[in-house]
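Engineer: Below is a structure I'd like to ask you about.
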Amino acid sequence: PKNIRNIKSFLRYINFYKQFIKNYSWIAYSLTNLTKKNVMTHPTCRSRKQITGK
1 PKNIRNIKSF LRYINFYKQF IKNYSWIAYS LTNLTKKNVM THPTCRSRKQ ITGK
């Protein structure tokens, strides 16, 4: 996801599959924090790793 709108869209999408996603709550929490105001625009390495799985 490259902007807040994409992050929110992605969160809605993965919410449907949350029962199959390991550590879903932590991933959703991390991504939700990125949508808040006054947050760094670049995700941390840890967040990026969770998004890409690498």
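For the sequence shown, the positions run 1 to 54 when the working numbering is used.
Note that beta-carbon positions come from the ideal geometry of N, C-alpha and C, so glycine has one too.
The structure presented is a predicted model; accordingly, all values stated were derived computationally and were not measured.
In chain order, what residues of the same chain have a beta carbon less than 8 Å from the beta carbon of Phe-20, not counting five sequence neighbours either side?
Structural biologist: The sequence position of residue 20 within the sequence shown is 20, counting from 1. Once the five neighbours on either side are set aside, Phe-20 has no close Cβ partner at all.
Engineer: Ordered along the chain, which non-local residues of its own chain (more than five positions away) have a Cβ less than 8 Å from that of Thr-28?
Structural biologist: As a working mapping, residue 28 is identified with position 28 in the sequence shown. Position check: residue 28 holds Ala in this sequence, whereas Thr was assumed. Counting only Cβ-Cβ distances below 8 Å, and skipping sequence neighbours, we find Leu-11, Ile-14, Asn-15, Lys-18.
Engineer: Just the C-alpha distance for Thr-35 and Lys-22, rounded to the nearest angstrom, thanks.
Structural biologist: What you label residue 35 is simply residue 35 of the sequence shown in a count that begins at 1. What you label residue 22 is simply residue 22 of the sequence shown in a count that begins at 1. Using only the alpha carbons, I get a separation of about 22 Å.
Engineer: What's the C-alpha gap between Ile-4 and Tyr-24?
Structural biologist: Here residue 4 corresponds to residue number 4 of the sequence shown, with the count starting at 1. Here residue 24 corresponds to residue number 24 of the sequence shown, with the count starting at 1. Cα to Cα, the separation comes out at about 19 Å.
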